[in-house]
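Asker: Chains as they are written, first to last, in my numbering: chain A, 1 to 537; chain B, 1001 to 1447.
For each residue, glycine too, the CB sits at the ideal point set by N, CA and C.
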């Protein structure tokens, strides 16, 4: 079937990053720094990648050394993380464990493409077939013949030494799994005319890490190899395929996990005396509840990002039911649930995850919640408290504060504190109907809770009003655009990126704030695949 | 009952099969030492060790240092839990970290400057190695692990050990995992009789060697900063290769080495008694690792600098109290904060006792160790980096004196770090950066 010529041309223009606008075209602005970044693979990327190669049947118990958060994202820290000997140990033992599982007698027949001629000797042909295919997926490009030869050599030598083909193969696979080419996603560049750009393979890796939080699959590598990522239309086709893949969930999940600082759940500790319902299981489920809600909302239902802050739809487990005070079905682990219209719960601000994570072990914290809301969802930076302030008067036994509102209002009496607390506390106070474990309450130490407040000029009387004010805040979608762009690039944004960001803001708005469309905007942008070389290269 | 019978029978059987060499009784092993008990049977002296022990939020001003300089008589009230051990350590008061115009990063500047000699700038740590890394370059090259890192409150990010270039180690949070790392299947018992290099380990070595050869191909495409990061990867790889080399050699027998019983994880968390229990377990494993010469350097952090320690049933954490608790009008200090500080010192007492009670040759592990005890602040309520309590524990094999209170008169705290490093023969005449640079050791502390 032949496409109408005009439409085809407009389509090509659109994909080339030139948006037709009322007869005129506005070129897509460029991002600032596009020098290549080398990222250390994260635990999640490692598992996602290996799962797609070897299936979900293996035990992938990997927990690599924590990555430092930089400018709000672990993904930015991952581009400057340095491997220590302790971390290398972890990669090495993970590699050996996985390699042993792959060649295990129960699995080898369906995980390996061939059987050796003799099990007690080396078989270079079979080893080469397996190592070439697997190596390509791990290194995100075909192995050179020298490289493949080296890995086959390892397999050969150790098979002969152990009189076992599979021992040899396991050692060679271990070697692939600890190789820097696998553990570090480098981004080699190439020259096209006078222009530097990422190689097709590097493009594939970038797109795949953004959309799937994993290395590319065979289809994407094949596209890279055939040069099919070099035209906008082909690139867009691959990006659409990735956006429609079930693997998109793991990519979007990782982004929100990072943006919401959910690694702090690993060290979240609540006092059992105060919050007996907040068990270890609740801690795990609370994080999962929010991620499930987000995935369902922005991926499965493809709804407006802003509605995440007002939606009454979520998922619950039996254990979470005790925190939310609602009965939950017991015949399935996760049950879709919709809070009734008269419930104070609506939107992810009222999830136990947000409320408990940004609280103290045994009490709520209006300041922490207010700070988290500003930093996580509005990308506003709240300065740290001045180092030499004494907060002692807060606990002065002579001036007892009943409620958190009374306690934090003290901040406002001190001009040094007031500047920042004025932008955090009034927001957090609107969430005071939820205690430090996220449970609903109407009083605190006998005093009624007043949950009214303002957010950047919008007044509200309760948490529903706060959620609505956040939903309507112009900075909310802009913040997501910035966070996701920074996540995609693995670097801090700067003013040279403003033009592109404003362009992306417009695209996001036009799409009705669909996260999948924002991902498409980034993943099809020529800027996202551009490359430059710094002086030191 | 039956289980243990079975186990012991199997052990006996294995012993019979392998002959006399299997005996692991201590009296026999004593002959591995030289006559005076100061060296191993192969003539090598017993090694010197270094460790850091970190706790958050310092001490209340005026409540820790002894009133007078010199040999310590009475310690301040918050050091009561280590009072009975005062002949085993020195206290350094009156030192400070100089900011040199850089912003104070609360709960970060103090400890990082003491341990690396430089005031940190930015979110990622500064590029200077910490004391333990410099020391491990001197004493840690022949052991299986260059150093071991652990923490006691469940947060793997609690670690202030940096290699040059800013590589920050991560801490082990699980005693069971630390046990497995040290005494798991890869452990080669120095006193084991039937040593045979494991073919699997030999294969592992060849795997790593092959990887090393690929270096040139990958560095072609990357910039200078990334090349430095990749070099750190190859350094780590070589370190692992070195570990493997040691697994392939018969280690010299070590009289004090025994394999501790396997541990299961306690409740890991920030409730203070749970954290102290983890500290006791971690320290015990570290002591065994030192005695078995698996490492000569360790870094144990009780908590992070913004300590999340809490008493069960109390709604505020230690860090919260440090800022919010009012000064008690009667006693003149923050009462709850003081209780927390003393709990930390209980943890330190356990750490010291663990080394002091571990017999090795004619003395104890502590005699041949130097433990640098540090924290992030002087007065935590104000995030002060003046008068941060510092201690050195142990005699470092005879290089350090103990039992002294040494008063700095506004000296840079790097003087203590330099002193510790010189005691351990790190070839440095001066240490620290910018305003914290010093070439003066604390001479009173050195023998």
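1) Between the Cα of residue 476 (chain A) and those of A:373, A:491 and A:384, spot the shortest distance and give me the residue it belongs to.
2) Taking 8 Å as the CB-CB cut-off, is residue 1270 (chain B) touching chain A?
3) Need the endpoints of the alpha helix (DSSP H) that residue 1111 (chain B) sits in, please.
4) Is there a Cβ from chain A that is less than 8 Å from the Cβ of residue 1211 (chain B)?
5) Could you check the C-alpha separation between residue 1131 (chain B) and residue 1304 (chain B) for me, to the nearest Å?
6) So what's residue 152 (chain A) in DSSP terms, helix, strand or just coil?
7) Please classify residue 420 (chain A): does DSSP put it in a helix, a strand, or coil?
8) Counting only beta-carbon atoms, is residue 154 (chain A) nearer than 8 Å to chain B?
9) Name, please, each residue of chain A whose Cβ falls closer than 9 Å to the Cβ of residue 1128 (chain B).
10) Which bits of chain A does residue 1120 (chain B) rub up against, with CB to CB less than 9 Å?
11) By the 7 Å beta-carbon criterion, what residues does the segment 56-86 of chain A contribute toward chain B?
12) Comparing alpha-carbon positions, which option in B:1198, B:1167 and B:1111 lies nearest residue 85 (chain A)?
13) Residues in its own chain within less than 6 Å of residue 203 (chain A) by CB, not counting five upstream and five downstream?
14) Between residue 290 (chain A) and residue 351 (chain A), which are expected to be in contact by the criterion C-beta below 8 Å, what is the C-beta distance as a whole number of angstroms?
15) Looking at C-beta atoms only, is the number of pairs between the segment 1230-1242 of chain B and the segment 179-186 of chain A that lie closer than 8 Å three or more?
16) Does the segment 275-286 of chain A come close enough to the segment 429-449 of chain A to have 3 or more Cβ pairs within less than 8 Å?
17) Just to check my reading of the structure: residue 1299 (chain B) and residue 1110 (chain B) have Cβ atoms closer than 8 Å, yes? What is that Cβ distance to the nearest angstrom?
18) Closer than 8 Å, CB to CB, is residue 22 (chain A) near chain B or not?
19) Alpha carbons only, please: which of B:1188, B:1344 and B:1318 is nearest the one belonging to residue 1336 (chain B)?
20) Could you give the residue range of the alpha helix (DSSP H) that holds residue 38 (chain A)?
21) Let me see if you follow: with CB-CB separation under 8 Å, is residue 1084 (chain B) close to chain A or not?
22) How many Å lie between residue 498 (chain A) and residue 79 (chain A) at the Cα?
23) Are the CB atoms of residue 346 (chain A) and residue 339 (chain A) within a distance shorter than 8 Å?
24) From residue 1062 (chain B) to residue 1158 (chain B), what does the alpha carbon distance come to, in whole angstroms?
25) What's the gap between the Cα of residue 318 (chain A) and the Cα of residue 225 (chain A)?
26) May I have the straight-line CA-CA distance separating residue 127 (chain A) from residue 1225 (chain B), to the nearest angstrom?
27) Roughly how many whole angstroms lie between the Cα atoms of residue 77 (chain A) and residue 67 (chain A)?
28) Can you tell me the Cβ-Cβ gap for residue 139 (chain A) and residue 181 (chain A), rounded? I've got them flagged as a contact below 8 Å.
29) Helix, strand or coil, according to DSSP, for residue 1405 (chain B) in the structure here?
30) Along the segment 232-248 of chain A, what residues have a CB closer than 8 Å to any CB found in chain B?
31) Could you name the residues of chain A that residue 1149 (chain B) contacts, counting a contact when the two beta carbons are closer than 7 Å?
32) Counting contacts by CB-CB distance shorter than 8 Å, is residue 178 (chain A) in contact with chain B?
33) If contact means a Cβ-Cβ distance below 9 Å, which residues of the segment 1196-1211 of chain B contact chain A?
34) Under the assumption that residue 987 (chain B) contacts residue 363 (chain A) (Cβ atoms under 8 Å), give the Cβ distance between them as a whole number of angstroms.
35) Do we get a CB-CB distance below 8 Å when we pair residue 1405 (chain B) with the residues of chain A?
36) For residue 162 (chain A), go through chain B and note every residue whose CB falls closer than 8 Å to its CB, in chain order.
Answerer: Let me spell this out:
1) Numbered from its first residue, the first chain carries residue 476 (chain A) at position 476. The shortest C-alpha separation from residue 476 (chain A) is found at A:373.
2) Sequence index remark: in the second chain, residue 1270 (chain B) carries index 270 (1-based). It does: the Cβ of residue 1270 (chain B) has a partner Cβ on chain A nearer than 8 Å.
3) Here residue 1111 (chain B) refers to the residue found at position 111 when the second chain is read from its first residue. That run of the alpha helix (DSSP H) goes 1109-1116.
4) Here the question's residue 1211 (chain B) lines up with position 211 in the second chain. Closer than 8 Å to some Cβ of chain A, the Cβ of residue 1211 (chain B) qualifies, so yes.
5) Your numbering for residue 1131 (chain B) matches position 131 in the second chain. Your numbering for residue 1304 (chain B) matches position 304 in the second chain. The alpha-carbon of residue 1131 (chain B) is positioned some 18 Å away from that of residue 1304 (chain B).
6) As a working mapping, residue 152 (chain A) is identified with position 152 in the first chain. Note: residue 152 (chain A) maps to helix in three-state DSSP.
7) Taking the first chain and counting its residues from 1, one reaches residue 420 (chain A) at position 420. Of the three classes helix, strand and coil, the one that applies to residue 420 (chain A) here is helix, per DSSP.
8) Looking up residue 154 (chain A) in the first chain gives position 154. It does; some Cβ of chain B falls within 8 Å.
9) Here the question's residue 1128 (chain B) lines up with position 128 in the second chain. Simply none; closest approach about 13 Å.
10) In the second chain, counting from the first residue as 1, residue 1120 (chain B) sits at position 120. What residue 1120 (chain B) touches in chain A: nothing, since even the nearest Cβ is about 12 Å away.
11) Answer set for the segment 56-86 of chain A: 65, 66, 68, 70, 80, 82, 83, 84, 85 and 86.
12) By 1-based counting over the first chain, the position of residue 85 (chain A) is 85. If we check each option's Cα against that of residue 85 (chain A), B:1167 comes out closest.
13) The count along the first chain starts at 1 and reaches residue 203 (chain A) at position 203. Within the same chain, Cβ atoms closer than 6 Å to the Cβ of residue 203 (chain A) are found at 229 and 529, the five residues on either side in sequence being excluded.
14) Translated into positions along the first chain, residue 290 (chain A) becomes position 290. Translated into positions along the first chain, residue 351 (chain A) becomes position 351. Between residue 351 (chain A) and residue 290 (chain A) the Cβ distance is about 5 Å, and since that is below 8 Å, they are a contact.
15) In short, these stretches touch, since the Cβ pair count reaches three.
16) yes
17) Counting from one through the second chain, the residue named residue 1299 (chain B) turns up at place 299. Counting from one through the second chain, the residue named residue 1110 (chain B) turns up at place 110. Not quite, the Cβ-Cβ distance comes to about 17 Å (not below 8 Å), so this is no contact.
18) Working through the first chain from its first residue, we reach residue 22 (chain A) at position 22. Bear in mind that a pLDDT of 49 at residue 22 (chain A), under 50, signals an unreliable position, so the number given afterwards is only what the model happens to contain. So no, residue 22 (chain A) is outside the interface.
19) Here residue 1336 (chain B) refers to the residue found at position 336 when the second chain is read from its first residue. Comparing Cα-Cα distances from residue 1336 (chain B) to each of B:1188, B:1344 and B:1318, the minimum goes to B:1318.
20) Counting from 1 along the first chain, the entry for residue 38 (chain A) is found at position 38. First-last for residue 38 (chain A): undefined, no H or E at that position.
21) Sequence index remark: in the second chain, residue 1084 (chain B) carries index 84 (1-based). Residue 1084 (chain B) does not count as touching chain A.
22) Against the first chain, residue 498 (chain A) aligns to sequence position 498. Against the first chain, residue 79 (chain A) aligns to sequence position 79. Straight-line Cα distance between these residues: approximately 22 Å.
23) In the first chain, residue 339 (chain A) corresponds to position 339, counting from 1. In the first chain, residue 346 (chain A) corresponds to position 346, counting from 1. Yes.
24) Walking along the second chain from the start, residue 1062 (chain B) turns up at place 62. Walking along the second chain from the start, residue 1158 (chain B) turns up at place 158. Approximately 28 Å between the Cα atoms of the pair.
25) Your numbering for residue 318 (chain A) matches position 318 in the first chain. Your numbering for residue 225 (chain A) matches position 225 in the first chain. Their Cα atoms are separated by approximately 49 Å.
26) Here the question's residue 127 (chain A) lines up with position 127 in the first chain. Here the question's residue 1225 (chain B) lines up with position 225 in the second chain. Residue 127 (chain A) and residue 1225 (chain B): Cα-Cα distance of roughly 36 Å.
27) What you label residue 77 (chain A) is simply residue 77 of the first chain in a count that begins at 1. What you label residue 67 (chain A) is simply residue 67 of the first chain in a count that begins at 1. If I take the Cα positions, the gap works out to 6 Å.
28) Reading the first chain from its first residue, position 139 is the one you call residue 139 (chain A). Reading the first chain from its first residue, position 181 is the one you call residue 181 (chain A). Between residue 181 (chain A) and residue 139 (chain A) the Cβ distance is about 5 Å, and since that is below 8 Å, they are a contact.
29) The residue you call residue 1405 (chain B) lines up with position 405 of the second chain. Three-state result, residue 1405 (chain B): strand.
30) none
31) Start at 1 with the first residue of the second chain, and residue 1149 (chain B) comes out as number 149. Chain A residues near residue 1149 (chain B): 86.
32) Against the first chain, residue 178 (chain A) aligns to sequence position 178. It does: the Cβ of residue 178 (chain A) has a partner Cβ on chain B nearer than 8 Å.
33) Hits within the stretch, in order: 1199, 1200, 1202, 1203, 1204, 1206, 1207, 1208, 1210 and 1211.
34) Because chain B spans 1001 through 1447 in this model, residue 987 (chain B) falls outside it and cannot be assessed.
35) Translated into the one-based positions of the second chain, residue 1405 (chain B) becomes position 405. No, because no Cβ of chain A sits closer than 8 Å to the Cβ of residue 1405 (chain B).
36) For the purposes of this step, residue 162 (chain A) is identified with residue 162 of the first chain, where counting begins at 1. Those are 1199 and 1203, listed as they occur along chain B.
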